[in-house]
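Protein chains in written order, with this note's numbering: chain A, 46 to 202; chain B, 46 to 202. Each residue gets a CB set at the ideal place from its N, CA and C atoms; glycine is no exception.
2 protein chains.
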Amino acid sequence: MVKDSPTGQKLFESFMGLRTISWVNWQGTGLKASDIRLLFCIKKGVRSDTNGMMVSEISNCLHVTSPTVTQLIKELETNGFLYRTMDETDRRVIRVRLTEAGEVIVQKAKAAVSDAFNGLVDYLGEEDSVQLANLLSRVSKYYKERPPRLVEGEGVW
Amino acid sequence: MVKDSPTGQKLFESFMGLRTISWVNWQGTGLKASDIRLLFCIKKGVRSDTNGMMVSEISNCLHVTSPTVTQLIKELETNGFLYRTMDETDRRVIRVRLTEAGEVIVQKAKAAVSDAFNGLVDYLGEEDSVQLANLLSRVSKYYKERPPRLVEGEGVW
DNA sequence: ATTCATAATTAGGTTGCCTAATAAACATTT
DNA sequence: AAATGTTTATTAGGCAACCTAATTATGAAT
């Protein structure tokens, strides 16, 4: 028996309303949103990992499958924003790092993010913005801990 | 000169973390997420409009272009979940309404939403859930009022 | 030595949008 | 009334951002 939850419905509608928002205009970088996210992910991951990032680590970080990562990497490598090296101890593994050009793009992209989000933060106010970020983090955490149930049978589930 | 905004960066990361979440499992309905959103939109819009919804109204409601709406409608019409009629006073306009089968699917889908979101609402707590919904509404409103700046020239903008 | 598991890749497909061009009907101007 | 412009929906075609299944190479375990 499913509980009727107006709050749940409201939340659902709110999240759906965000679907088509294009948060940042990346045109200045000449790259696509998915490319930038990948570069951000590597920038972040390599700080604490001098070996460069594995495809599987990136996959986990971005919540996408490894074929998707391979695809993204391939394009960005030919454009010279990152490079791969073989892992020294496990030859199945490749290590991905930013090139100098990649670092430059990341800086540009960060500026674009600031520019895009300053307006929103001003609109919401600093306090509410922080709270929103925290709530959204909790939402992500919830879905990470509790992956969606799989369906079989005839009901809605 | 762009202000450095850690709050903006945090918000950005939080929103990006939501990207790949599949909020509701619609398999029980046999339809895709975009189909369900369209049916919800019509269900909502026709309450206050006995004439059925125009393509342009749906387009506005879902924040997608009218060719996208036409495409969605076409599929759902052949599946028998909605039907079109010509407007009586303006022959350019078509009016879209749910069929009985469409109404049934909408009810099923609403149950699926409740089922999917009850868990999240429990996790966040009722109060925080409501607050989150409100904050997200404000975000939507911000982007509706203030469409993204267009780019030209060489800077990040 | 064989079997199993893991890492990355290749190939091909789907979803969910988009833009540009077109057709039909309505509205406005001359 | 005719021409022009505008609005509505549609058709055609394309792209971004993912996915699954199958494959190859290597490493780990029995």
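Open item on the list: Please report the straight-line C-alpha distance between B:Val69 and A:Ala154, rounded to a whole angstrom.
Closed with: Numbered from its first residue, the second sequence carries residue 69 of chain B at position 24. Numbered from its first residue, the first sequence carries residue 154 of chain A at position 109. Looking at the two C-alpha atoms, the distance is approximately 32 Å.
TODO: Give the straight-line distance between the Cα atoms of A:Leu72 and A:Ile150, rounded to the nearest whole angstrom.
DONE: Here residue 72 of chain A refers to the residue found at position 27 when the first sequence is read from its first residue. Here residue 150 of chain A refers to the residue found at position 105 when the first sequence is read from its first residue. The amino acid occupying residue 72 of chain A in the given sequence is Gln; Leu does not appear at that position. Each residue's CA atom was taken as its position, placing A:Gln72 and A:Ile150 some 12 Å apart.
TODO: Report buried or exposed for B:Ala161, applying the criterion of at least 16 other Cβ atoms within 10 angstroms of its Cβ.
DONE: Translated into positions along the second sequence, residue 161 of chain B becomes position 116. The residue is buried, with at least 16 neighbouring Cβ atoms inside 10 Å.
Open item on the list: Considering only DSSP beta bridges, list what A:Met131 is partnered with.
Closed with: The residue labelled residue 131 of chain A in the question sits at position 86 within the first sequence. A:Met131 pairs with A:Ile139.
Task: Interface flag, A:Asp132 vs chain B, CB-CB below 8 Å - done: In the first sequence, the residue the question calls residue 132 of chain A occupies position 87. The beta carbon of A:Asp132 sits no closer than 8 Å to any beta carbon of chain B.
- [ ] Run down chain A in chain order and give the residues with a C-beta less than 7 Å from the C-beta of B:Tyr188.
- [x] Locating residue 188 of chain B in the second sequence gives position 143, counting from the first residue. The contacting residues are Ile66.
Open item on the list: Against chain B, which members of the region 116–150 of chain A pass a CB distance test of less than 9 Å?
Closed with: Answer in chain order: no residues at all.
- [ ] Mind checking who B:Met98 pairs with in its DSSP beta bridge?
- [x] The count along the second sequence starts at 1 and reaches residue 98 of chain B at position 53. BP columns for B:Met98 point to B:Val141.
- [ ] Would you identify the three-state DSSP class for B:Lys119, choosing helix, strand or coil?
- [x] Working through the second sequence from its first residue, we reach residue 119 of chain B at position 74. Correct three-state label for B:Lys119: helix.
Open item on the list: Going by C-alpha to C-alpha distance, which of B:Thr52, B:Lys88, B:Asp167 sits closest to B:Thr144?
Closed with: For the purposes of this step, residue 144 of chain B is taken as residue 99 along the second sequence, with counting starting at 1. Nearest C-alpha to B:Thr144: B:Lys88.
Task: Buried/exposed call for B:Asp132, threshold 16 Cβ in 10 Å - done: Locating residue 132 of chain B in the second sequence gives position 87, where the first residue counts as 1. Around the Cβ of B:Asp132, a 10 Å sphere holds fewer than 16 other Cβ atoms; the residue is exposed.
- [ ] Output the distance between the C-alpha atoms of A:Glu122 and A:Gln54, rounded to the nearest integer angstrom.
- [x] Here residue 122 of chain A refers to the residue found at position 77 when the first sequence is read from its first residue. Here residue 54 of chain A refers to the residue found at position 9 when the first sequence is read from its first residue. Cα atoms of A:Glu122 and A:Gln54: separation of roughly 43 Å, rounded to the nearest angstrom.
Open item on the list: When you compare the CB of B:Glu102 with every CB in chain A, is at least one pair closer than 8 Å?
Closed with: Here the question's residue 102 of chain B lines up with position 57 in the second sequence. No, because no Cβ of chain A sits closer than 8 Å to the Cβ of B:Glu102.
- [ ] Evaluate contact between the region 172–187 of chain B and the region 166–177 of chain A, counting only Cβ atoms and requiring at least three cross-stretch pairs below 8 Å.
- [x] Contact holds: three or more Cβ-Cβ distances are below 8 Å.
Task: Residue environment, A:Arg129, which counts as buried when at least 16 other CB atoms sit within 10 Å - done: Here the question's residue 129 of chain A lines up with position 84 in the first sequence. By the 10 Å Cβ count, A:Arg129 comes out exposed.
TODO: Please classify B:Arg64: does DSSP put it in a helix, a strand, or coil?
DONE: Within the second sequence, residue 64 of chain B is the residue found at index 19, counting from 1. Coil.
Open item on the list: Taking 8 Å as the threshold (beta carbon to beta carbon), is A:Lys77 in contact with chain B?
Closed with: Residue 77 of chain A sits at position 32 when you count from the first residue of the first sequence. Contact with chain B is absent for A:Lys77, since none of that chain's Cβ atoms lies less than 8 Å from the residue's Cβ.
Task: A:Phe126 vs A:Gly97 beta-carbon contact at 8 Å - done: For the purposes of this step, residue 126 of chain A is identified with residue 81 of the first sequence, where counting begins at 1. For the purposes of this step, residue 97 of chain A is identified with residue 52 of the first sequence, where counting begins at 1. No. Outside cutoff.
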